[in-house]
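J.: Under this note's numbering, the first residue of the sequence shown carries the number 3, and numbering increases by one thereafter. Ideal Cβ positions, reconstructed from N, Cα and C, are used throughout, including at glycine. Could you have a look at this structure, given as structure tokens, before my questions?
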Amino acid sequence: MQIAPRSGGPVPDVASLLARLAADGGRPRLTWYGDDGERVELSGAVLANWASKTVNLLVEEFDAAPGTRIVVDLPVHWRTAVWALAAWRAGATVALPDAGAAHADVVVTDSPHRWADAGADLVVVSLPALARRYDGDLPAGAIDAASAVMTYGDAIGWVPEVDPDQDALVTAAGAVGHKGLVPEPGDGARVLVDGRGPVADVLRDLLGVWAGGGSVVLTSPTTAAELELDEARLDRLLSSEQAQGPRG
Numbered sequence: 003m004q005i006a007p008r009s010g011g012p013v014p015d016v017a018s019l020l021a022r023l024a025a026d027g028g029r030p031r032l033t034w035y036g037d038d039g040e041r042v043e044l045s046g047a048v049l050a051n052w053a054s055k056t057v058n059l060l061v062e063e064f065d066a067a068p069g070t071r072i073v074v075d076l077p078v079h080w081r082t083a084v085w086a087l088a089a090w091r092a093g094a095t096v097a098l099p100d101a102g103a104a105h106a107d108v109v110v111t112d113s114p115h116r117w118a119d120a121g122a123d124l125v126v127v128s129l130p131a132l133a134r135r136y137d138g139d140l141p142a143g144a145i146d147a148a149s150a151v152m153t154y155g156d157a158i159g160w161v162p163e164v165d166p167d168q169d170a171l172v173t174a175a176g177a178v179g180h181k182g183l184v185p186e187p188g189d190g191a192r193v194l195v196d197g198r199g200p201v202a203d204v205l206r207d208l209l210g211v212w213a214g215g216g217s218v219v220l221t222s223p224t225t226a227a228e229l230e231l232d233e234a235r236l237d238r239l240l241s242s243e244q245a246q247g248p249r250g
């Protein structure tokens, strides 16, 4: 079945975007193709639900708010999108590792050994879709995201007001503020996004597609490289997912 483009006018911020996603019902908005054949499909409502639970964790555990610097040390992945959306909904700043770890308040990572001496609160993320706990040694005081997120409410509780003039996304190349975070909306299409792009670029691509009422098929870097070398497989994926692409 072809997914019809939808749009509802400009999207000024992530809060408005999540509200639209939550009201979108069962229509797929993010389909993830990971390594080893992993496929995860999230409707708008399910994506917003994951983000809401994660917002509640960030606010209740770490007092996330404007001025909180959250280093997101994760690869291109559907879980990375969820953590970024949640941090932005709380008004926090998402800093990518290439911007440096200075002044990090919280680090969200799948590789906790890299942050043993960071002096920040640590959230450890398991990337496999079926993970229910972190499969490794959890550092003392760290939160296991796989088990913790599911204990938080489906509806966002109290959350601080976002300061549009605060930084939303910081990389080595510079910063983007909350008021300029959501790009111009796309055309409402379902598009394939190549996961080999920089994390910051991929995240903003996702925001732009969703803001335009569109839907994303996102590939891991390994899957994207495989598809580039196998045109028949790429054509089958685009056909089965009713997607345009690739983008990125």
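Given a cut-off of 8 angstroms on the beta-carbon distance, is the pair A92 and V57 in contact?
T.: A contact, by the Cβ cut-off of 8 angstroms.
J.: Smallest Cα separation from D38: which of G210, L205, P130?
T.: Among G210, L205, P130, the Cα nearest to that of D38 belongs to P130.
J.: Quick one: any contact between the stretch 72-87 and the stretch 196-204, if contact means 3 or more CB pairs under 8 angstroms?
T.: These segments touch.
J.: Skipping 5 residues on each side, what residues in its chain have a beta carbon closer than 8 angstroms to that of L208?
T.: Cβ neighbours of L208 beyond the five flanking positions: L32, A83, V195, V218, L220.
J.: Note the first and the last residue of the continuous beta strand (DSSP E) segment covering A66.
T.: No beta strand (DSSP E) contains A66, which DSSP labels as neither H nor E.
J.: Which first and last residues belong to the alpha helix (DSSP H) in which W160 is found?
T.: First-last for W160: undefined, no H or E at that position.
J.: Reducing DSSP to helix, strand and coil, say where P185 ends up.
T.: Residue state, collapsed to three classes: coil.
J.: Short of 7 angstroms in beta carbon distance, which residues of its chain neighbour P141, apart from the five on each side in sequence? Order them along the chain.
T.: Excluding residues within five positions, the ones whose Cβ falls inside 7 angstroms are P114, A118, L124.
J.: Suppose the cutoff is 8 angstroms on Cβ atoms and the five residues either side in sequence are ignored; what does the same chain contact list for A122 look like?
T.: These residues qualify, in order along the chain: V73, A103, A106, D107, V108, V109.
J.: In or out: T153 buried (at least 16 other Cβ within 10 Å) or exposed?
T.: Result: exposed.
J.: Helix, strand or coil for V84, going by three-state DSSP, please let me know.
T.: Residue state, collapsed to three classes: helix.
J.: Which of the three DSSP states, helix, strand or coil, is assigned to V2?
T.: The structure shown does not extend to residue 2, since the chain is modelled only from 3 to 250, so the question has no answer here.
J.: Counting along the chain, where does the alpha helix (DSSP H) carrying R206 start and finish?
T.: R206 -> alpha helix (DSSP H) spans 201-213.
J.: Helix, strand or coil for A89, going by three-state DSSP, please let me know.
T.: Helix.
J.: To the nearest angstrom, report how far apart A234 and E228 are at their CA atoms.
T.: Distance between the alpha carbons of A234 and E228 is about 11 angstroms.
J.: Classify V57 as helix, strand or coil using the three-state DSSP reduction.
T.: Of the three classes helix, strand and coil, the one that applies to V57 here is helix, per DSSP.
J.: Quick one: is G247 buried, meaning 16 or more other Cβ sit within 10 Å of its Cβ, or exposed?
T.: G247 comes out buried.
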